[in-house]
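Sequential numbering from 244 applies to the sequence shown in the working numbering. These notes are about the structure you will find just below.
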Amino acid sequence: MKKRGSQNLILLLILVSVSLVLSLSSQNFSSGYNVLNILRQVSLTVISASVVTLVMISGGLDLSIGGVLALAGVITARLSVVGLPLPFAFLAGILVGVVSGALNGSLIISTGIPPVIATLGTMYISRGLAYILSSGSAVVNGLPDSFGVVGETHLGPLPLLVVIMTVVIVICHFLLTKTVFGRHIYAIGGNLQAANLAGIPVKRIKLLLYTLSGTTAGISGVLLASRLSSGDPNVGIGFEFDVIVAIVLGGTSLAGGEGTLSGTLLGALILAVFANGMNLLGIGSFYQYVVQGAILVLAVILDLTLRKKI
């Protein structure tokens with residue numbers, strides 16, 4: 244716990260330092276509008292990253308979330324165009340995520356396929372189906388005016404997306420830190436053989452984790468489609484990369500057994516602040532990829548170094 248606390252403190256100091264530098268560099272950075280914009284931008288990443296963190300702590304990995312996000316959005320939009328009431332269209336999009344996640348979990352626990360291969364396959368299948376169902380272009384024409392209401396709704400001063408993000412990460416944090424389920428997740432990632440010998444239902448927990456990961460990807464897809472007022476098969480490309488970088492930067496080990504939701508949140512915020520600041524300073528998106536890649540490599544090197552010292 245002491246190690247996790249010190250890691251989070253370092254991340255918090257980095258976040259504050261970067262924010263201060265950007266505030267001095269751009270007068271727009273610290274405006275209330277821009278702060279809400281950063282929170283809105285990071286919300287979908289955190290919604291998915293909250294559950295993917297649990298998956299990675301258990302020793303797994305989910306690369307399918309970007310493709311599932313796109314497919315969920317396209318299906319939600321297509322069903323809305325043909326006249327299905329919005330609540331049912333949104334539910335259908337979320338169910339796409341549930342089914343995709345359950346498929347990932349079933350493949351991994353029943354066949355022994357490495358998670359990276361199983362979820363990579365699901366990512367391509369989902370992305371391909373999104374292109375097929377949309378004929379390769381965004382589903383826009385025929386959408387009801389109310390389609391964008393969820394993505395634009397505010398609860399008081401906060402966008403609904405930010406409220407949903409907060410609810411999801413608080414629930415995941417509670418499950419991970421205050422329940423037997425959370426202790427089992429750490430045990431599975433820390434020593435799979437010992438977890439099996441201890442009678443922990445490893446397969447059931449892994450199936451549930453991947454199903455939940457798919458579910459949050461579906462939720463993110465529906466929310467993004469509503470926010471954009473379209474079902475675009477091209478959205479979410481690289482989304483899984485953003486999520487994994489945030490998680491690894493937040494201190495979750497790629498080897499499993501270690502990680503916190505608070506670290507993931509801080510990691511996601513650091514990346515969002517970097518991206519937002521670079522945009523305000525007129526630095527192109529190509530450079531943002533370089534920064535993200537460098538952060539990922541440095542975070543992995545740091546993780547490996549710390550593990551060797553333990």
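Don't be surprised by glycine CBs; every beta carbon is placed ideally from N, CA and C.
{"Query": "Beta-carbon within less than 7 Å of G344's beta-carbon, same chain only, minus the 5 sequence neighbours each way: which residues are those?", "Result": "Y453, T454, L455, S456, G457 and T458"}
{"Query": "Can you tell me which residues form a DSSP beta bridge with G474?", "Result": "V382"}
{"Query": "Excluding sequence positions up to five away, which residues of its chain have a Cβ less than 8 Å from the Cβ of F272?", "Result": "S262, L265, S266, N519, G520 and L523"}
{"Query": "Starting from I487, follow the alpha helix (DSSP H) in both directions and report where the run begins and ends.", "Result": "F482 to L492"}
{"Query": "Thinking just about the alpha-carbon of each residue, which of I414, N439, V465 and L282 is nearest to the one in S323?", "Result": "V465"}
{"Query": "Using three-state DSSP, classify P330 as helix, strand or coil.", "Result": "helix"}
{"Query": "Tell me the DSSP secondary structure of L282 in three-state form.", "Result": "helix"}
{"Query": "Indicate the three-state DSSP secondary structure (helix, strand or coil) for L418 in the structure shown.", "Result": "helix"}
{"Query": "Per the DSSP calculation, H397 is bridged to which residue(s)?", "Result": "P402"}
{"Query": "Is it true that the segment 539–546 meets the segment 286–294, where meeting means three or more beta-carbon pairs spaced less than 8 Å apart?", "Result": "no"}
{"Query": "Identify the continuous alpha helix (DSSP H) that holds L306 and give its terminal residues.", "Result": "Here L306 belongs to no alpha helix (DSSP H), and DSSP marks it neither H nor E."}
{"Query": "Determine the closest residue to I300 out of H416, P402 and V382, with distance taken between C-alpha atoms.", "Result": "H416"}
{"Query": "Let me know the secondary structure DSSP gives F517 once reduced to three states.", "Result": "helix"}
{"Query": "Under 7 Å between the Cβ atoms of I308 and E483?", "Result": "yes"}
{"Query": "Once DSSP output is grouped into helix, strand and coil, what is the label at N347?", "Result": "helix"}
{"Query": "Could you give the distance in angstroms between the alpha-carbon of G394 and the alpha-carbon of Q270?", "Result": "27 Å"}
{"Query": "Does DSSP put Q436 in a helix, in a strand, or in coil?", "Result": "helix"}
{"Query": "From the DSSP output, in three-state form, read off G500 for me.", "Result": "coil"}
{"Query": "Looking at A498: is its Cβ nearer than 7 Å to the Cβ of V285?", "Result": "no"}
{"Query": "Beta carbon of G340, beta carbon of A315: below 7 Å?", "Result": "yes"}
{"Query": "With G371 as the anchor, note down where its alpha helix (DSSP H) starts and where it stops.", "Result": "P358 to S377"}
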